[in-house]
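Student: Structure incoming, see below.
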Amino acid sequence: MDLTLKVWRQANAKENGRFVEYKVKGISSDASFLEMMDILNEQLVTEGQDPVAFDHDCREGICGACSMYINGRPHGPDKGTTTCQLHMRRFKDGDTITVEPWRAKPFPVIKDLVVDRSAFDDIIQAGGFVSVSTGGVPDANAIPIPKRKADLAMDAAACIGCGACVAACKNASAMLFVSAKVSQFALLPQGRVEARERVQNMVAKMDELGFGNCTNTYACEAACPKEISVANIARMNREYLAARVIAPND
Amino acid sequence: MSNLRLKYASITKKIIMGVMGLFLSSFLVVHLSINLLVLFDNDQYLFNQAAHFMATNPLIQTFQWVLFLAFVVHIILGIVLQIQNWLARPIGYKVKGYSEQSFFSKYMIHTGMVVFIFLIIHFANFFVKAKFGMVDEITYPDGKTVDNLGILIVNLFKDGYYVAFYVVSILLLGFHLEHGFQSAFQSLGLHHPVYTRWIKALGTLFSVVITLGFITIPIVIYFFR
Ligand code: FES
C-alpha cells in the first residue's frame with residue numbers, strides 16, 4: 000500500500016519543530032508500524048536526509064519504549080496495543096497518517112518523535128520500590144497472599160511505563176501510571192509496609208514535575224496498551240485520602 | 000512531611016472538588032423542589048410560603064453561608080485545576096485526541112463558566128433583591144404576609160430572552176452534572192466492579208431529572224400562564 004505520512008520533525012529540544020510530509024510506497028499490510036517507519040528511514044538515508052528519530056526497543060509490546068501519537072491516539076487506533084505491535088493492515092492504501100510525539104510539559108521532545116520520559120523515573124525514585132535489606136531469597140510461599148489481591152497487583156504491574164496515559168489525557172495527567180505503581184505495591188503485604196509514605200511521595204513528585212490533574216475523563220484507560228484500569232486511580236485516591244486524613248498511622 | 004505543596008496536592012484538590020460538587024448537587028435538589036411549587040397554584044402561595052420558611056429559618060440561614068463557601072471553593076479550585084491542566088501541555092496535538100470515555104469531562108470549565116455567569120445574574124435577580132427588601136409583600140386570604148418572590152419568577156419567565164438564557168444555562172448545568180456526579184465518586188476513591196456502573200447511571204439520571212425539572216418551570220410559565 001502507498002501512504003502519506005505527516006511526521007513531526009524537530010532537530011533538538013531547543014529548536015522549533017514542524018510537520019514534514021513523506022510518501023512511502025509498496026508497504027506490506029503485514030509490516031508493523033515501526034517496520035514501516037524503518038522503510039521510511041531507509042528511504043531518507045538513501046536520499047541523504049536525516050532519518051526520523053523514534054523510540055523503540057523490544058518491538059514485542061513489553062518494554063514501553065515505542066511511543067507515537069498516531070492519528071490522534073497514543074499507539075494508534077488499536078485497543079490494548081503498543082505502536083510496535085500495530086500493523087499496517089489497520090490502514091488503507093492511500094491513507095494519510097499523522098505521527099506526533101507525546102505532548103506534555105514533563106515530556107520534552109529530544110528529537111523528532113523521541114521524548115524524554117525520565118520524569119517517570121523520577122516518580123519511581125520517589126517511592127516506587129520496596130525497601131529491603133539484601134540477603135538470601137525469601138521463601139516464595141512464606142507470606143500468604145489472597146489470589147484476588149495477587150491478580151489485581153499483577154494487573155497493575157502490567158504497566159510498561161510508556162506514557163500513553165499522559166499522552167492521551169487532555170490534562171497530561173500521569174495518574175494512571177502513578178496509580179498502577181502505587182497499586183501494585185499497596186495490594187501486597189511487602190509493599191503495604193511503606194504504602195502511606197509511598198503514595199504521598201509519588202503524588203508529590205508527580206505534581207512537582209508538572210503533570211496535570213486528573214479530571215476522570217478516562218482517556219488514559221482507553222489508550223493504555225496494557226489496559227490498566229482506572230480502578231487503580233480510585234485506589235490511589237483512597238490510599239492518599241487514608242494517608243493524609245483518615246488513617247495516617249495505619 | 001507536611002509542606003505546603005503536599006497540602007495542596009492534585010488529589011487533595013480533586014477530593015475537595017468532588018465533595019463540594021456533591022454538596023452543591025444536594026442543594027440543587029432542595030432548590031428544584033421549592034421552585035416546582037410555583038407550578039402548583041396560580042397565586043404562588045405554596046412557593047412564597049416555602050421561600051419564607053427558607054429565609055427565616057435560622058438553621059437554613061446559617062447553612063446558606065456554608066453553601067456560599069462551597070460555591071466559592073468549587074469555582075476557585077475548578078479554575079486553578081484547569082489552569083494547571085492547560086500548563087501541563089504547552090504544545091498541543093495537530094490531530095486532537097478522541098479516546099475520552101466521559102464526554103462532558105472535556106467541557107467542565109466551559110459549562111462551569113456559563114453556570115457561574117448564570118449564577119451571578121440569578122443572584123442579582125433573586126437573592127440580592129430578597130436580602131435587601133426589594134421585593135413587594137403580599138398578604139394572602141389566610142392573613143399571612145410574605146415577600147412575593149413567586150411573582151418575580153413568573154414575571155421573569157414571561158420574558159422570552161430570559162427563558163432562552165435560562166434554558167441554555169440549565170442544559171449546560173446538566174452536562175456539568177452528568178460528568179461531575181460520577182467523577183466525584185472516583186475522586187473520593189469509590190470505584191467498584193459492579194456499583195460504579197450504577198453510580199454512572201444514577202449520575203446521568205440525576206442530571207436529566209434536574210435539567211428537565213428546572214427547565215419545565217419557565218416553559219410552563221412562558222407558554223401556559
Ligand atoms: S518497542 Fe517495546 S513495547 Fe514497543
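Protein sequences appear in the order of chains A and B. Quick note on numbering that gives the first Met the number 0: the first sequence kicks off at 0 and runs consecutively. Quick note on numbering that gives the first Met the number 0: the second sequence kicks off at 0 and runs consecutively. In this text, a Cβ means the ideal position worked out from N, Cα and C, and glycines have one as well.
Within the chosen definition, does the region 25-35 of chain A reach the region 70-84 of chain A through at least 3 CB pairs nearer than 8 Å?
Tutor: They touch, by the three-pair rule.
Student: Taking the alpha-carbon of G16(A) as reference, which of F90(A), I69(A), R102(A), A242(A) has the nearest alpha-carbon?
Tutor: It is R102(A).
Student: So, at 6 Å on beta carbons, what are the nonlocal neighbours of A185(A) in its own chain, with the 5 sequence-adjacent residues on each side left out?
Tutor: The answer, listed in chain order, is A194, E238.
Student: Is it right to say D138(A) is buried, meaning 16 or more other beta carbons lie within 10 angstroms of its own, or is it exposed?
Tutor: When all chains shown are included, D138(A) counts as exposed.
Student: If I measure Cβ to Cβ from I198(B) and keep anything under 7 Å in the same chain, skipping five residues before and after, which residues do I get?
Tutor: Here the set comprises Q181, F184.
Student: Flag T80(A) as yes when its Cβ comes closer than 7 Å to any non-hydrogen atom of the ligand FES, and as no otherwise.
Tutor: Every heavy atom of the ligand FES is 7 Å or more from the Cβ of T80(A), so no.
Student: Could you please give the first and the last residue of the uninterrupted beta strand (DSSP E) stretch that includes F18(A)?
Tutor: Counting along the chain, the beta strand (DSSP E) containing F18(A) begins and ends at 17-23.
Student: Taking C-beta to C-beta, are H175(B) and M112(B) nearer than 8 Å?
Tutor: No.
Student: What does L189(B) reach in chain A if we use C-beta pairs closer than 7 Å?
Tutor: Under the 7 Å cutoff, chain A gives A233.
Student: With a threshold of 8 Å between beta-carbons, can A87(B) be considered close to chain A, or not?
Tutor: It does; some Cβ of chain A falls within 8 Å.
Student: Compute the distance between the beta-carbons of V6(A) and V98(A), then report whether it is under 8 Å.
Tutor: Yes; because the gap between Cβ atoms is below 8 Å, this pair is in contact.
Student: From what residue to what residue does the alpha helix (DSSP H) around I14(B) run?
Tutor: Its alpha helix (DSSP H) spans residues 9-35.
Student: Does chain B have any CB closer than 8 Å to the CB of D206(A)?
Tutor: For D206(A), the answer is yes, since a Cβ of chain B falls inside 8 Å of its Cβ.
Student: Between the Cα of Q199(A) and those of G160(A), G93(A), M174(A), spot the shortest distance and give me the residue it belongs to.
Tutor: Closest by alpha carbon: M174(A).
Student: For L85(A), would you say it is in contact with chain B, using Cβ-to-Cβ distances shorter than 8 Å as the test?
Tutor: For L85(A), the answer is no, since every Cβ of chain B falls outside 8 Å of its Cβ.
Student: At the level of alpha carbons, what is the spacing between D92(A) and M0(A)?
Tutor: So the two alpha carbons sit approximately 5 Å from each other.
Student: For N84(B), return the contacting residues in chain A, with the cut-off set at a CB-CB distance below 8 Å.
Tutor: Ordered by position in chain A, the residues that pass the 8 Å Cβ test against N84(B) are K169, N170, A171, S172, G211, N212, T214.
Student: Check the Cβ-Cβ distances between M227(B) and every residue of chain A, and say whether any is below 8 Å.
Tutor: Absent from the model: residue 227(B). The displayed extent of chain B is 0 to 224, so no value can be given.
Student: Using the beta-carbon of each residue, which ones in chain B are nearer than 7 Å to A103(A)?
Tutor: Those are A87, R88, listed as they occur along chain B.
Student: How would you call Q60(B), buried or exposed, if buried means at least 16 neighbouring beta carbons within 10 angstroms?
Tutor: Flag for Q60(B) reads exposed.
Student: Nearest chain A C-beta to I198(B) closer than 8 Å, yes or no?
Tutor: It does not: the Cβ of I198(B) has no partner Cβ on chain A nearer than 8 Å.
Student: Along the chain, where does the alpha helix (DSSP H) containing W197(B) start, and where does it finish?
Tutor: Start and end: 194-223.
Student: Any residues in the region 163-185 of chain B with a beta carbon nearer than 7 Å to a beta carbon of chain A? Which ones, in chain order?
Tutor: Against chain A - using a Cβ distance shorter than 7 Å - the residues of the region 163-185 of chain B are S182, Q185.
Student: When the distance is taken between beta carbons, is G17(B) closer than 8 Å to S186(B)?
Tutor: Contact flag set, yes.
Student: Note down, in chain order, each residue of its chain lying with its Cβ closer than 8 Å to the Cβ of K12(B), except the 5 sequence neighbours on either side.
Tutor: So the qualifying residues of the chain are L76, V79, L80.
Student: Determine the chain B residues that contact R116(A) at a beta-carbon separation under 9 Å, and present them in chain order.
Tutor: Those do not exist, as R116(A) stays about 15 Å from chain B at its closest Cβ, beyond 9 Å.
Student: For R116(A), is the classification buried or exposed, using 16 other Cβ atoms within 10 angstroms of its Cβ as the cut-off for buried?
Tutor: With 16 or more Cβ atoms within 10 Å of its Cβ, R116(A) is classed as buried.
Student: Hey, how far is the Cα of N70(A) from the Cα of A87(B)?
Tutor: Those two C-alpha atoms are separated by around 21 Å.
Student: Note down the Cα distance separating M87(A) from D54(A), rounded to an integer number of angstroms.
Tutor: Going by the C-alpha atoms only, they are around 18 Å apart.
Student: Cβ of R250(A) within 7 Å of any heavy atom in the ligand FES?
Tutor: As displayed, chain A neither begins before 0 nor continues past 249, which places residue 250(A) out of reach and without an answer.
Student: Relative to the C-alpha of I259(B), which residue among L172(B), F164(B), L201(B) is closest?
Tutor: Residue numbering for chain B in the displayed model covers 0 to 224; residue 259(B) lies beyond these limits and cannot be assessed.
Student: With 16 other CB atoms within 10 Å as the buried threshold, where does M153(A) fall?
Tutor: Answer is exposed; the Cβ neighbour count stays below 16.
Student: Using a C-beta cutoff of 8 Å, does S206(B) count as contacting chain A?
Tutor: Chain A, which has no Cβ nearer than 8 Å to the Cβ of S206(B), makes this no.
Student: Count the other CB atoms within 10 Å of the CB of A222(A); is the residue buried (16 or more) or exposed (fewer)?
Tutor: Result: buried.
Student: Taking its Cβ as the centre, do 16 or more other Cβ atoms sit within 10 Å of Y44(B), making it buried, or is it exposed?
Tutor: Y44(B) is buried by the Cβ-count criterion.
Student: With a Cβ-Cβ cutoff of 8 Å, do F125(B) and L151(B) count as a contact?
Tutor: Cβ distance < 8 Å, so F125(B) and L151(B) count as in contact.
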